[in-house]
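> At position 17 of the sequence shown the residue is numbered 17 (this note's numbering), and the sequence of numbers has no breaks. Glycine residues also receive a C-beta, built at the ideal position from the N, C-alpha and C atoms. Computed from a predicted model, the values in this text were never measured in an experiment. Encoded as structure tokens, here's the structure I'll be asking about.
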Amino acid sequence: MTAAMRSGVSVRAGATSEPQYVEGPAADSVTQGLGEHPLIQALVRREKLTRADLGRLEHLQREQHNGESPVLLLSKLGIVAEQEVANTVAEVLGLERAAAAQYREAPVMDETISPRFMRQYRLLPLACEDTDVTVCMADPFDEFVVESIRMVTGKAVLRVVGTPSELDAAIERLYGEGRSEIGRIQDHEEAPEEVSDSEVEQLKDLASEAPVIRMVNLIIRRAIERAASDIHIEPADGRLRVRFRIDGVLKDAESPAARMGAAVVSRIKIMANLNIAERRLPQDGRIRQRIEGQELDFRVSTIPAMHGESVVLRILNRDAVALDFAALGVSDENIRVLGDAIHRPHGMLLVTGPTGSGKTTTLYAALTALNSDEVKIITVEDPVEYQIDGVNQIQVKPAIGLSFATALRSIVRQDPDVIMVGEMRDLETAKICVQSALTGHTVLSTLHTNDAAGSITRLVEMGVENYLLTSTVNAVVGQRLVRVLCDHCKRAHEPVREFLDVLGLAEGERDGGGLKLFEPQGCSQCNGTGYRGRTVVMEVLPIDDAIRRLILDRADASEIRAVAVRRGMVPMYQDGLRKVRHGITTLEEVLRVTQDA
């Protein structure tokens, strides 16, 4: 019996020709020393693997995985992101990455190569020609597998590189029994539909078992792969709903069975060091994990609902957030105004907008611009989302009496140069911020208002004296986040005249300006949405003498806004239209987020 037959490859009758075999540059990855493997060496050079990671891999390969391929082991353990592994493999071997369109809708060579072999070695034939067969492989270093395919097909093997998850999904679609990965996991677990207070220990044991752990890890991993900012796990009548917030929009994800709900929620609460016995009151916690080569924080919130506990995990990835005004999408003109406001020796910068509009990220970008050895910065936040070196960050804890106002009273005795307050929630906090700005501090904070001009009237309505605002506020920012068109699939189109009227284009620009507008299409790079990532649309209202006179006269927000626009402020909507004209986003996106402003 040949090696190919022993490993599950079906030998096709008559496959006797022996075309020239295309040799790979690496030896068998199973027998080769881990540190000598070309993939490992490349990842170490790129600083994607640390010495500690390498030690962990060597131990697991030796003790637990019986010499499993480093390529598959890296993906399985999540030490390095699957896409990073696949891209590095392709670069090291000089191979192509498999495109989504290459995965076939019908099986190729299914009578020659068994599905069991495909699943075991994470490969899938993509095309079969007269002299060669194209095979997508997670581990194209494995010469045993390549040689086995060559022997049973009698053809040269052309390799392309795919990720294990892509191949698993394609194999399941072509050869599976209709069960998803989550379905296969929960087939091994019989969770009770209801768990009472007296069964807490049973629930704790259940949440610590392998199937539930794998299921929660799978949900989190899929959220990371899809670049989600939040994971929503919501119990409903007879089902458990999982949704991911991607680029600000909620999308349904594959969900476990309703009977797994209590175990899944309990597993997350254990990870966040929350009390799994307490299901009547809201709880907040935090999880820190390394997933796919990234150090991630998860802010966990649980609340009691009609059919169980609702859980939301906010994914905080410091490395994925560019704390720089230009990288956030702020225009050059607005960067200049912001820079002038934050580098004054004292005064306030306020950032406004609804929840989820990126206010805190803008403040962090301002802190990054101010952060130096000569400047002492203290922040009061609820919660602390990203930790910044050189900044003293305080987490508000109302349960022990540490509120924004309480913390601020102590902060001013710490001799800071810059103070950041996560949110002005009440008059007491607002007055302390104003007093701090009056006494020589730079104060950064946020408000929940629709636009920049509305923040001034909101503070006056809260009880802050208008003459104090004219002396302390340097500038007010209003902002929203819009989705960015996917560069891989966006398509140019010719706008109709009504659309050009909305954009406010001059006749010359319409006729000969070469204007190109784009619309979303959807591809594998953007998960079919047509958008990938978000950027900011912003208005910056500098407080100059004309605006100060209006504030002293108690003018309303519309008057302040009209004067600011006449003096050069670009409204959020117009800033969004600029991004539409540059092919960054669409008019529908701009209207979606700015119509209330």
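For residue 5, does the three-state DSSP call read helix, strand or coil?
The residue given as residue 5 occupies position 5 in the sequence shown. Low confidence applies here, because residue 5 scores a pLDDT of 39, under 50, leaving its location unreliable and the question unanswered by this model.
> Quick check on the DSSP output: the alpha helix (DSSP H) that includes residue 517 runs from which residue to which?
Reading the sequence shown from its first residue, position 517 is the one you call residue 517. It is not in any alpha helix (DSSP H) - residue 517 instead sits in the beta strand (DSSP E) that spans 517 to 519.
> With respect to the alpha helix (DSSP H) encompassing residue 106, which residues constitute its N-terminal and C-terminal limits?
Position 106 of the sequence shown, counting from 1, holds the residue named residue 106. Run containing residue 106: none; DSSP gives neither H nor E here.
> For the beta strand (DSSP E) that residue 244 lies in, which residues bound it at each end?
Walking along the sequence shown from the start, residue 244 turns up at place 244. Taken as a continuous stretch (DSSP letters only), the beta strand (DSSP E) holding residue 244 covers 239 to 246.
> Quick one: using the 10 Å Cβ neighbour count with 16 as the cut-off for buried, is residue 131 buried or exposed?
Looking up residue 131 in the sequence shown gives position 131. Flag for residue 131 reads exposed.
> Quick check: the Cα distance between residue 573 and residue 594, rounded to an integer number of angstroms?
For this step, residue 573 is matched to residue 573 along the sequence shown. For this step, residue 594 is matched to residue 594 along the sequence shown. About 6 Å.
> DSSP state of residue 595, grouped into three classes?
For the purposes of this step, residue 595 is taken as the residue at position 595 of the sequence shown. Residue 595 falls in the coil class under three-state DSSP.
> Should residue 118 and residue 171 be called a contact, given that it needs their Cβ atoms to be closer than 7 Å?
For the purposes of this step, residue 118 is identified with residue 118 of the sequence shown, where counting begins at 1. For the purposes of this step, residue 171 is identified with residue 171 of the sequence shown, where counting begins at 1. By the CB criterion at 7 Å, residue 118 and residue 171 fall inside the cutoff.
> Would the beta-carbon of residue 437 fall within 7 Å of that of residue 346?
The residue given as residue 437 occupies position 437 in the sequence shown. The residue given as residue 346 occupies position 346 in the sequence shown. A contact, by the Cβ cut-off of 7 Å.
> What's the gap between the Cα of residue 410 and the Cα of residue 566?
The residue you call residue 410 lines up with position 410 of the sequence shown. The residue you call residue 566 lines up with position 566 of the sequence shown. Distance between the alpha carbons of residue 410 and residue 566: 42 Å.
> State the DSSP-derived secondary structure class of residue 328, mapped to helix, strand or coil.
If you number the sequence shown from 1, residue 328 lands on position 328. Helix at residue 328.
> Under the rule that 16 or more other beta-carbon atoms within 10 Å means buried, what is residue 524, buried or exposed?
Locating residue 524 in the sequence shown gives position 524, where the first residue counts as 1. When all chains shown are included, residue 524 counts as exposed.
> Quick one: give me the first and last residue of the beta strand (DSSP E) that residue 297 is part of.
Looking up residue 297 in the sequence shown gives position 297. 294 to 305 is the extent of the beta strand (DSSP E) around residue 297.
> Label residue 198 either buried or exposed according to how many other C-beta atoms from any shown protein chain fall within 10 Å of its C-beta, with 16 as the threshold for buried.
Stepping through the sequence shown from its first residue, residue 198 is reached at position 198. In this predicted model, residue 198 has a pLDDT of only 47, less than 50, meaning its place in the structure is not dependable enough to derive any value.
> Compute the Euclidean distance between the alpha carbons of residue 405 and residue 393, then round it to the nearest angstrom.
The residue labelled residue 405 in the question sits at position 405 within the sequence shown. The residue labelled residue 393 in the question sits at position 393 within the sequence shown. C-alpha separation (whole angstroms): 15 Å.
> Can you check DSSP and say which residues form a bridge with residue 445?
Looking up residue 445 in the sequence shown gives position 445. BP columns for residue 445 point to 350, 421.
> Secondary structure at residue 379, three-state DSSP: helix, strand or coil?
Position 379 of the sequence shown, counted from the start, is the residue given in the question as residue 379. Looking at residue 379 - three-state DSSP - the assignment turns out to be strand.
> Any idea what DSSP makes of residue 608, helix, strand or coil?
Past the edges of the chain, shown from 1 to 597, lies residue 608, and the structure says nothing about it.
> Are residue 535 and residue 329 closer than 7 Å when you measure CB to CB?
Here residue 535 is taken as the residue at index 535 of the sequence shown, counted from 1. Here residue 329 is taken as the residue at index 329 of the sequence shown, counted from 1. Yes; because the gap between Cβ atoms is below 7 Å, this pair is in contact.
> Quick test of your reading: residue 570 and residue 589, contact by CB under 8 Å. State the CB separation rounded to the nearest angstrom.
On the sequence shown, residue 570 is found 570 positions in, with the first residue counted as 1. On the sequence shown, residue 589 is found 589 positions in, with the first residue counted as 1. 18 Å between Cβ atoms; not a contact.
> For the 8 Å Cβ check, are there 3 or more pairs between the region 551 to 560 and the region 376 to 388?
no
> Which whole-angstrom value is the C-beta distance of residue 160 and residue 97, which I expect to be below 8 Å?
In the sequence shown, residue 160 corresponds to position 160, counting from 1. In the sequence shown, residue 97 corresponds to position 97, counting from 1. The pair is a contact, with the Cβ atoms about 7 Å apart (cut-off 8 Å).
> Within a Cβ cutoff of 6 Å, which residues of the same chain sit near residue 250, ignoring the five residues on either side of it in sequence?
Position 250 of the sequence shown, counted from the first residue, corresponds to residue 250. 243, listed in sequence order.
> I'd like the list of long-range same chain contacts for residue 129, defined as Cβ closer than 8 Å, with 5 residues on each side in sequence excluded.
Locating residue 129 in the sequence shown gives position 129, counting from the first residue. Around residue 129: 155.
> According to DSSP, is residue 464 helix, strand or coil?
The residue you call residue 464 lines up with position 464 of the sequence shown. In the structure shown, residue 464 sits in coil (DSSP, three-state: anything other than H, G, I, E or B).
> At the level of alpha carbons, what is the spacing between residue 422 and residue 379?
Within the sequence shown, numbered from 1, the residue matching residue 422 stands at position 422. Within the sequence shown, numbered from 1, the residue matching residue 379 stands at position 379. Cα to Cα, the separation comes out at about 8 Å.
> What distance in whole Å lies between the Cβ atoms of residue 541 and residue 562, which are believed to be in contact at a cut-off of 8 Å?
Translated into positions along the sequence shown, residue 562 becomes position 562. Translated into positions along the sequence shown, residue 541 becomes position 541. For residue 562 against residue 541, the beta-carbon gap comes to about 12 Å, at or over 8 Å, which does not count as contact.
> Can you give the Cα-Cα distance for residue 586 and residue 519, rounded to whole angstroms?
By one-based count along the sequence shown, residue 586 stands at place 586. By one-based count along the sequence shown, residue 519 stands at place 519. Using only the alpha carbons, I get a separation of about 7 Å.
> Go through its chain and collect everything with a Cβ distance to residue 462's Cβ below 7 Å, but skip five positions before and after it.
For this step, residue 462 is matched to residue 462 along the sequence shown. Closer than 7 Å at Cβ, skipping near neighbours: 427, 430.
> What did DSSP end up calling residue 79 once you bin it into helix, strand or coil?
Counting from one through the sequence shown, the residue named residue 79 turns up at place 79. Note: residue 79 maps to coil in three-state DSSP.
> Would you please state the rounded distance, in angstroms, between the beta carbons of residue 533 and residue 484? I believe it to be under 8 Å.
Residue 533 sits at position 533 when you count from the first residue of the sequence shown. Residue 484 sits at position 484 when you count from the first residue of the sequence shown. The Cβ separation is near 5 Å, so the contact holds.
> Taking 8 Å as the cut-off, does the region 294 to 305 touch the region 345 to 360 (at least 3 CB pairs, one atom from each stretch)?
no
> Can you give me the C-alpha to C-alpha distance between residue 417 and residue 371, rounded to a whole angstrom?
Counting from one through the sequence shown, the residue named residue 417 turns up at place 417. Counting from one through the sequence shown, the residue named residue 371 turns up at place 371. Straight-line Cα distance between these residues: approximately 10 Å.
> Quick check: residue 153 and residue 135, are their CB atoms within less than 7 Å of each other?
Translated into the one-based positions of the sequence shown, residue 153 becomes position 153. Translated into the one-based positions of the sequence shown, residue 135 becomes position 135. It is not a contact, given that the beta carbons lie outside the stated cut-off.
> Would you tell me roughly how many angstroms separate the C-alpha atoms of residue 312 and residue 232, rounded to the nearest one?
Reading the sequence shown from its first residue, position 312 is the one you call residue 312. Reading the sequence shown from its first residue, position 232 is the one you call residue 232. So the two alpha carbons sit approximately 5 Å from each other.
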